[in-house]
Amino acid sequence: METTGRLAAFLDAAVHLRAVQAAAAASRELTGLLLPSLCVLCGAKDGAVCPDCEPRLASELLHPFRAERDAAALPLRSTRAAGTAGTAGTAGATGGSGGHQEASPVPSPVPVLAAARYGAEASQALLAFKDHGRTSVVRFLRPAVYRVLAAVPEQLGICGPFTLVPVPGSASGFRRRGFDPVEELLGGALPPGWATARGWLAHRRESPLEAFRHRTSHAGTGSRQRRSGTLDRFRPTRRLAAEAPAAARRGTRSVVLFDDVMTTGSTLAATWRALEAGGIDPVGAVVLAAVTAPAAVSDEGLNSTCRTY
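Position 251, counted from 1, in the sequence shown is what the numbering used here calls 248; the numbers after and before it change by one each time, with no gaps.
This is the structure in structure tokens:
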């Protein structure tokens, strides 16, 4: 059993080596040259996204929006009612009595900014990229990542400089795909004032049998399934303790999480908890796409099982 654990740890470390990731990227580029494929949107013309479909995809990625309202599993934070969107009417009614009562704390989900809604062209492009090996699609998605990061100060009201912490990919996911989708999305330029902190978090050790399980994206899973699947999923690493700047711990750098797709917010919640366990207090999250109408049963209302911060 001890040998099995050591093998799992070795595989987990090996697939995240820069040399291994560079070799995998070179292999994918060569495959794309030798085996050209059809457009992931229309399926008719050659190229990752053909010239006719590219404007439709780009138009879906132009307008970042606040996405935390429909994410049922995000952590909660206490905010003042008077300063919370959607509670102005309540605050006004309280103040209308003539007194000067202080607004009571109101729990609200952590702020999340999304580049696009998960639907139509955006969902097709992301599924092709993540689950069908069409990595060349990433060059059409990276501009949206830059745009949504640049919008964080205005949309979330958070001041920089920023430290961006990507949700860590699993070793089994890398072995299955040959790449880490989140890392690929962050492979382009970042806006001024942004720096990426890689390796601060890791998946808890997986059994070697996980490599043989067939898994794709989370589409179609309910909020309860996703919560149970991500509970205590991540852990802080030694690198976080060694590299996390003292400025981040003092709050002079704003730590922001990044993931590719948010459905219920359970993955972001698990990442949030792992960062807190490592002594880091994140201030918000950014995703490329968000599902805005997740299916939920009646006993799983907004943020029903997460603690308040």
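Backbone N, C-alpha and C define an ideal beta-carbon position, used for all residues, glycine too.
| Check | Outcome |
| --- | --- |
| Give the single residue among T249, T132 and A70 whose Cα lies nearest to the Cα of D177. | T132 |
| Using the three-state DSSP reduction, which class does P102 fall into: helix, strand or coil? | strand |
| Is the segment 115 to 132 in contact with the segment 261 to 280, if contact means three or more CB pairs nearer than 8 Å? | no |
| Who are the near neighbours of A194 in its chain, counting only those whose CB is closer than 6 Å to its CB and skipping five residues on each side? | T160 and V162 |
| Buried or exposed: where does K42 fall if 16 or more other Cβ atoms within 10 Å of its Cβ makes it buried? | exposed |
| Could you please give me the residues that DSSP links to W191 through a beta bridge? | F159 |
| Buried or exposed for C156, going by 16 or more other Cβ atoms inside 10 Å? | exposed |
| Rounded C-beta distance between P61 and A111? I'm assuming under 8 Å. | 7 Å |
| If you follow the beta strand (DSSP E) that F231 is in, where does it begin and where does it stop? | F231 to P233 |
| Going by Cα to Cα distance, which pick from C47, R63, V134 and R53 is closest to G281? | R63 |
| Mind checking if V149 is an interface residue toward chain D, Cβ cutoff 7 Å exclusive? | This model lacks chain D altogether, as it is built from one protein chain only. |
| Using a threshold of 7 Å, state whether the C-beta atoms of P72 and A266 are closer than that. | yes |
| Assuming F255 and V179 make a contact with CB atoms under 8 Å, what is their CB distance in whole Å? | 7 Å |
| If you check the beta carbons only, do W197 and L237 fall under 7 Å apart? | yes |
| Give the range of the beta strand (DSSP E) segment to which A287 is assigned. | G281 to A287 |
| With distances taken between CB atoms, is the gap from F137 to V46 smaller than 7 Å? | yes |
| Return helix, strand or coil for L30, following the three-state DSSP convention. | With a pLDDT of 49 at L30, under the threshold of 50, the predicted position of this residue should be treated as unreliable, though the coordinate-derived value follows. Helix. |
| Span of the beta strand (DSSP E) holding D257? | S251 to M259 |
| What residues in its chain sit with their C-beta under 6 Å from that of P53, if we drop five residues either side in the sequence? | Checking the sequence shown, residue 53 turns out to be Arg, not Pro. Excluding residues within five positions, the ones whose Cβ falls inside 6 Å are E118. |
| From L35, Q152, V253 and P102, pick the residue whose C-alpha is nearest to that of P158; which is it? | V253 |
| Reducing DSSP to helix, strand and coil, say where A208 ends up. | For A208, the predicted structure reports a pLDDT of 46, less than 50, and the residue's modelled location is therefore unreliable. The matter cannot be settled from this model. |
| Throw me the rounded Cβ distance for the F231 and A199 pair, which I believe falls under 8 Å. | 7 Å |
| Would you kindly work out how many angstroms separate the C-alpha atoms of G275 and G44, rounded to a whole number? | 43 Å |
| Since D43 sits in a beta bridge, which residues does DSSP pair it with? | L35 |
| Taking only runs of the beta strand (DSSP E) that begin and end inside the segment 105 to 174, which ones reach a length of at least 3 residues, in chain order? | 109 to 114 and 159 to 163 |
| Give the straight-line distance between the Cα atoms of L182 and P102, rounded to the nearest whole angstrom. | 37 Å |
| Please report how far the alpha carbon of A113 lies from the alpha carbon of E57, in whole angstroms. | 6 Å |
| Name the one or two DSSP bridge partners that F62 has. | A111 |
| For T268, which residues from the same chain have a beta carbon less than 7 Å from its beta carbon, with the 5 sequence-adjacent residues on both sides left out? | V164, L198, F231 and L254 |
| Could you have a look at R270 and say whether DSSP puts it in helix, strand or coil? | helix |
| Give the secondary structure of L54 by DSSP, where H, G and I count as helix, E and B as strand, and everything else as coil. | helix |
| Return the first residue and the last residue of the alpha helix (DSSP H) that L182 is part of. | P178 to L182 |
| Cutting at 7 Å between CB atoms, please list the residues of its own chain near L153, excluding the five before and the five after it. | P108, L110 and G281 |
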